[in-house]
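Peer 1: Protein chains in written order, with our numbering: chain G, 1 to 112; chain L, 1001 to 1113.
The C-beta atom is built at its ideal place from N, Cα and C for all residues, glycine as well.
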Amino acid sequence: KAGVTQTPRYLIKTRGQQVTLSCSPISGHRSVSWYQQTPGQGLQFLFEYFSETQRNKGNFPGRFSGRQFSNSRSEMNVSTLELGDSALYLCASSPSVNNEQFFGPGTRLTVL
Amino acid sequence: DQQVKQNSPSLSVQEGRISILNCDYTNSMFDYFLWYKKYPAEGPTFLISISSIKDKNEDGRFTVFLNKSAKHLSLHIVPSQPGDSAVYFCAASKIQGAQKLVFGQGTRLTINP
């Protein structure tokens, strides 16, 4: 089975712009979670989608949003980018509840 | 508020010896714990997990111990191999399989030949 894929792998944006990141889960996995990894804060949970519905949400401002499509692919969007949004954004998928999460390689976002 | 803490940013161990990585948590509602391993330019890879109803779980060279009264868990790797050099993250959740994982800051393990 192919693993979790994320596109793009690297992205450079400027302050005030918006960005959309994409995640394709492992085939058959219905849950997709997003995490932000920064040197200072470590890995922090953003949100989780299951069957096109947001099921869990972390403590991030409303500038961070996401969605999931009927094929389980997910996108996350960050609007009005700030310098502090520079991070590695990781997507993880799992078949359903009671299963471990499988992570993609991440998208490295740099905000200038 | 760091609910899951890995107080050692780095650890260096000789090949063949035991590596012990530690993790502390503050939220008594956590009842499922996981360890992930991360190589540069890759996402974290699941290693091993433990439910709060157990105090030990073993999988090959990897053993996780849980001390609920101390809110402490540890990962033992025996024997350590050069390929084990990576960053190790401890994570916790409130129910098994819950997708909202709370991660520690990570410990960089280096295995020296």
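1) Taking only beta-carbon atoms, is L/A1070 less than 9 angstroms away from chain G?
2) Could you spell out the range, first to last residue, of the beta strand (DSSP E) harbouring L/S1052?
3) So G/P105 contacts chain L; which residues on that side make the cut at Cβ distance below 7 angstroms?
4) Using 8 angstroms as the cut-off, can you tell me whether the stretch 28-36 of chain G makes contact with the stretch 1024-1035 of chain L, which would need three or more C-beta pairs spanning the two stretches below that distance?
5) Just to confirm the assignment, what range does the beta strand (DSSP E) spanning G/R108 have?
6) Say whether chain L places a C-beta atom closer than 9 angstroms to the C-beta of G/L188.
7) With which residues is G/I12 paired in a DSSP beta bridge?
8) Does DSSP classify G/L83 as helix, strand or coil?
9) Taking 7 angstroms as the limit between beta carbons, can you name the residues of its chain near L/I1020, skipping five residues before and five after?
10) Out of curiosity, what's the CA-to-CA distance linking G/I12 and G/Q54?
11) Could you tell me the alpha carbon to alpha carbon distance between L/Q1014 and L/P1113, rounded to whole angstroms?
12) Drop a sphere of 10 angstroms on the beta-carbon of L/L1066, count the other beta-carbons inside from all chains shown, and report buried for 16 or more, exposed for fewer.
13) My output table needs one value for G/G104: the three-state DSSP class, helix, strand or coil.
14) Decide if G/Y35 is buried, meaning its Cβ has at least 16 other Cβ atoms within 10 Å, or exposed.
15) I want to know whether the stretch 1084-1091 of chain L touches the stretch 1034-1044 of chain L - three or more CB-CB distances under 8 angstroms.
16) In the DSSP assignment, find the unbroken beta strand (DSSP E) run with G/T20 in it and report its ends.
17) Closest Cβ-Cβ distance between L/T1092 and chain G: below 9 angstroms?
Peer 2: Based on what the coordinates show:
1) For the purposes of this step, residue 1070 of chain L is identified with residue 70 of the second sequence, where counting begins at 1. So, not an interface residue.
2) On the second sequence, position 52 is the one that residue 1052 of chain L refers to. Looking at the DSSP string, L/S1052 is not in any beta strand (DSSP E), and its letter there is neither H nor E.
3) For the purposes of this step, residue 105 of chain G is taken as the residue at position 105 of the first sequence. Near G/P105 (Cβ distances below 7 angstroms), the residues of chain L are A1041, E1042, G1043.
4) no
5) For the purposes of this step, residue 108 of chain G is taken as the residue at position 108 of the first sequence. Run containing G/R108: 107-111, per the beta strand (DSSP E) assignment.
6) Residue coverage of chain G in this structure runs from 1 to 112, which leaves residue 188 of chain G outside it and unanswerable.
7) As a position in the first sequence, residue 12 of chain G is number 12, starting the count at 1. DSSP output for G/I12 lists G/T110 as bridge partner(s).
8) Mapped onto the first sequence, residue 83 of chain G falls at position 83. Helix at G/L83.
9) Position 20 of the second sequence, counting from 1, holds the residue named residue 1020 of chain L. So the qualifying residues of the chain are S1074, H1076.
10) Residue numbering aside, residue 12 of chain G sits at position 12 when the first sequence is read from its first letter. Residue numbering aside, residue 54 of chain G sits at position 54 when the first sequence is read from its first letter. G/I12 and G/Q54: Cα-Cα distance of roughly 27 angstroms.
11) Taking the first residue of the second sequence as position 1, residue 1014 of chain L is located at position 14. Taking the first residue of the second sequence as position 1, residue 1113 of chain L is located at position 113. Cα to Cα, the separation comes out at about 6 angstroms.
12) Here residue 1066 of chain L corresponds to residue number 66 of the second sequence, with the count starting at 1. Label assigned to L/L1066: buried.
13) As a first step, residue 104 of chain G is located in the first sequence; it is residue number 104 there, counting from the start. The answer is coil: DSSP assigns G/G104 none of H, G, I, E or B.
14) Counted from its first residue, the first sequence places residue 35 of chain G at position 35. Classification of G/Y35: buried, given that the 10 Å Cβ count is 16 or more.
15) yes
16) Position 20 of the first sequence holds residue 20 of chain G. First-last of the beta strand (DSSP E) with G/T20: 19-24.
17) To locate residue 1092 of chain L, count along the second sequence from 1; it is residue 92. A quick correction: the sequence has Ala, not Thr, at residue 1092 of chain L. By this cut-off, L/A1092 is not an interface position.
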